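Take a look at the structure below.
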Amino acid sequence: MLRKIFLVTLSFLFLGGSLPKAEIVEKILAKVDDQIITLIDLKEKLAQNPLTAQAPFDQIPEDVKKQVLNLILEEKLILKEAKEKGIVVLDKEVEAVIENVRKQAGGQEKFEEALTLSGITIEELEENYREELTKQKVVRKEIAESIKIDPAKLREAYEKIKTQIRASHILVKTEEEAKDVLLKLKSGDDFDSLAKSVSICPSAQKGGDMGFFSRGQMVKEFEEAAFLLSDTQPLSGIVQTQFGYHIIKFEERKELSKEEMAQKIGMIEEQIRQEEFLKKYKEWMDGLKEKAYIKIM
């Protein structure tokens, strides 16, 4: 997970745009202990993100600006924590990253061209990477290295995916439509044909066939109803979800083979690890915020 975050960050820093500071009013947006976050900081961070880089500042939603402001605030707290705990990044570590970026750019000449287009100097780039590496080290030390996967949680996850069912469904907008569909099915109408003619789900083209799925892949109401079905009770009643009203038909059930389970082990462990990481990160960051002086202007 950390590697993915790091690679994305590198691309943002290197390819993201920069801003002519002379054109920006030095407005203070927040204070974090003895540090400030300015309008320049916010605009530069937004310019580094491909999702907001090309958007005019006044057209970026306020909630996005608040999220990015909070991100800057958290970065400052992480760097402060690194300083307090004596966590440093060596020059050779920064040089290794720069060399890797230089190779990815296609050599020194193209690397320099990219720097010019980005509007930043090599010194600024090195400092950006030094900060990113520092944050990575702190997060790894404080959170990532302490993550332990609970065997019980892992077994629970395995139990969820080891059984898959294949089901079809008919989705309509109103309960009255669903009642009409259910009545027709109980009267002997063909499910496949009815799904193709009345279902508003894209699966209608396949007679409502949703393919195989495990627990955790569908919305709760749909999943609970589907996994109660069997050969002896193949048709559900009316199931309401956020998408509308469903009639679900059981098709078949299967147990994943050892080979299929083995292929999913890494994915399951990574998912659990990410969930634990996010939980621990929030707890850790909440603690940093509690002991810091923070004022949003």
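Read left to right, the sequence shown gives residues 1469 to 1765 (the working numbering). Yeah, the Cβ is synthetic: ideal placement off N, Cα and C, and Gly gets one too. Please read these numbers as outputs of a predicted model, since none were measured by experiment.
Near residue i, which residues of its chain fall below 6 Å by C-beta distance, leaving aside the five closest residues on each side in sequence?
i            : result
residue 1546 : 1603, 1606
residue 1503 : 1544
residue 1724 : 1630
residue 1520 : 1514, 1528
Can you name the residues that DSSP bridges to residue i?
i            : result
residue 1685 : Residue 1685 pairs with nothing; no bridge assigned.
residue 1634 : 1680, 1720
residue 1540 : According to DSSP, residue 1540 bridges with nothing at all.
residue 1673 : DSSP lists no partner for residue 1673.
residue 1709 : 1712
Measure the C-alpha to C-alpha separation of residue i and residue j and round it to an integer number of angstroms.
i            : j            : result
residue 1565 : residue 1591 : 13 Å
residue 1492 : residue 1728 : Its pLDDT being 47, under 50, residue 1492 is placed unreliably in this model, and the value from its coordinates should be taken loosely. Rounded to the nearest angstrom, the two C-alpha atoms are 56 Å apart.
residue 1540 : residue 1689 : 39 Å
residue 1561 : residue 1593 : 13 Å
residue 1647 : residue 1523 : 47 Å
residue 1763 : residue 1500 : 7 Å
residue 1619 : residue 1551 : 36 Å
residue 1577 : residue 1583 : 10 Å
residue 1555 : residue 1755 : 19 Å
residue 1654 : residue 1668 : 20 Å
residue 1686 : residue 1730 : 22 Å
residue 1639 : residue 1650 : 11 Å
residue 1598 : residue 1559 : 8 Å
residue 1701 : residue 1721 : 13 Å
residue 1681 : residue 1498 : 47 Å
residue 1735 : residue 1526 : 40 Å
Which residues in the same chain as residue i place their Cβ atom closer than 8 Å to its Cβ, once the five residues preceding and following it in sequence are excluded?
i            : result
residue 1739 : 1625
residue 1679 : 1634
residue 1737 : 1617, 1622
residue 1708 : 1643, 1689, 1714
residue 1579 : 1569, 1570, 1573
residue 1652 : 1662
residue 1706 : 1643, 1646, 1647, 1650, 1713, 1714, 1715
Check for me: the alpha helix (DSSP H) holding residue i runs from which residue to which?
i            : result
residue 1715 : Looking at the DSSP string, residue 1715 is not in any alpha helix (DSSP H); the run it does join, the beta strand (DSSP E), is 1712 to 1723.
residue 1700 : No alpha helix (DSSP H) holds residue 1700; DSSP gives it neither H nor E.
residue 1748 : 1726 to 1758
residue 1564 : 1559 to 1573
residue 1522 : Where residue 1522 is concerned, there is no enclosing alpha helix (DSSP H), given that its DSSP letter is neither H nor E.
residue 1590 : 1590 to 1610
residue 1658 : Residue 1658 -> no alpha helix (DSSP H), and no H or E assigned at all.
residue 1613 : No alpha helix (DSSP H) holds residue 1613; DSSP gives it neither H nor E.
residue 1527 : Taken as a continuous stretch (DSSP letters only), residue 1527 belongs to no alpha helix (DSSP H), as it is neither H nor E.
Quick one: what's got a C-beta closer than 7 Å to residue i's C-beta in the same chain, skipping five residues either side?
i            : result
residue 1636 : 1659, 1663, 1675, 1676, 1677, 1678, 1717, 1719
residue 1745 : 1469, 1611, 1612, 1615
residue 1704 : 1693, 1697, 1715, 1716
residue 1711 : 1639
residue 1752 : 1610, 1611
residue 1549 : 1606, 1756
From what residue to what residue does the beta strand (DSSP E) around residue i run?
i            : result
residue 1497 : 1496 to 1500
residue 1642 : It is not in any beta strand (DSSP E) - residue 1642 carries neither H nor E in the DSSP assignment.
residue 1503 : 1503 to 1506
residue 1763 : 1762 to 1764
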